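Using my numbering, the letters of the sequence shown map in sequence onto residues 24 to 107.
Here the structure comes first, spelled out in structure tokens, and everything after it is commentary.
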Amino acid sequence: EKYQMEVFNRAKVLTELRGRGFYYVFLGSLAVTQCMFCLDFVIGLWNVLMGALCLMMSFGINPANHMNPNQDQSIPLHTAPYNP
């Protein structure tokens with residue numbers, strides 16, 4: 024906990040959602056440019072995606088509100104009626 028508070032004091036920008044989003048996008052862009060077909064590329068894309076989500080949420084856009092609730096209409100197996 025002591026080290027966490029030290030990081031928070033020295034890098035306050037990472038404690039806010041917008042700053043963390045920009046950091047993830049920056050980190051992801053560095054990883055993507057390292058190689059085209061390796062694990063760094065996939066990790067970089069993931070970081071850019073997470074950064075974009077953080078930035079969207081920092082501007083008040085909640086991605087969960089924009090998901091289609093009628094997308095999956097499947098019935099879970101434990102509640103499906105039994106028809107032999």
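We treat Cβ as the ideally placed atom computed from N, Cα and C, and that holds for glycine.
Since this is a predicted model, take the numbers as computed values, not measurements.
If you follow the alpha helix (DSSP H) that residue i is in, where does it begin and where does it stop?
i     : result
Cys77 : Leu62 to Ser81
Glu39 : Glu39 -> no alpha helix (DSSP H), and no H or E assigned at all.
Can you give me the Cβ contacts of residue i inside the same chain, cut-off strictly under 7 Å, excluding the 5 residues immediately before and after it?
i     : result
Leu40 : Cys77, Met80 and Ser81
Closer than 8 Å by C-beta to residue i: which residues in its own chain qualify, once you throw out the five before and the five after it? Chain order, please.
i     : result
Val48 : Asn70, Val71, Gly74, Ala75 and Leu78
Val30 : Leu37
Is the segment 70 to 84 touching the segment 37 to 45 in the sense that three or more CB pairs, one from each, lie closer than 8 Å? Touching, yes.
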